[in-house]
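Sequential numbering of the sequence shown, starting at 51, is according to this note's numbering. Written out below as structure tokens is the structure these notes cover.
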Amino acid sequence: MSKGERSFLRYIAARGWAHVLMLTFAMMFLFPFLWMIGTSLKTDEELTEGHTLPQWPSFRESSPYARSVPTIVKPADLSDEKWATILPKLQAVARQRVTTD
């Protein structure tokens, strides 16, 4: 065993326990903060399922914020003929905006 190895072992024996103790306390103090950060990133469903870490989101084809409207109501002061020509154009513009933005 060389002199460097012996001095390293002496250092570990003399001060290593203090480092282990400090690392243990550091982890004890950091754990609640890491728990809060992980919990704040979870969705409501993940909170009730009991997962420890938040799941990576799987993106849907349609956005939950842009919902399709089942029926579009014609304005009262617009004629049926004019509405029949305007409606497809409005739907095309809306479809283009939702899919590209």
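Built from N, CA and C at the ideal position, the CB exists for glycine as well. In this text, all values refer to a predicted model and were calculated from it rather than measured experimentally.
Practice task
Please say whether residue 133 and residue 139 have beta carbons closer to each other than 7 angstroms?
Solution key: no
Problem - DSSP three-state assignment for residue 127, whether helix, strand or coil - result: Per DSSP, reduced to three states, the secondary structure at residue 127 is coil, with no helix or strand assignment.
Exercise for the section: Could you check which residue in 131, 122 and 129 has the C-alpha nearest to that of residue 141? Expected result: 122
Practice task
Could you check the C-alpha separation between residue 154 and residue 71 for me, to the nearest Å?
Solution key: Because residue 154 is not part of the residues shown, which for the chain are 51 to 151, the question remains open.
Handout entry: Identity of the residue in 94, 143, 52 and 102 nearest residue 84 by Cα
Key = 102
Practice task
Measure the alpha-carbon distance for residue 80 versus residue 94 and round it to whole angstroms.
Solution key: Between residue 80 and residue 94, the C-alpha separation is close to 24 angstroms.
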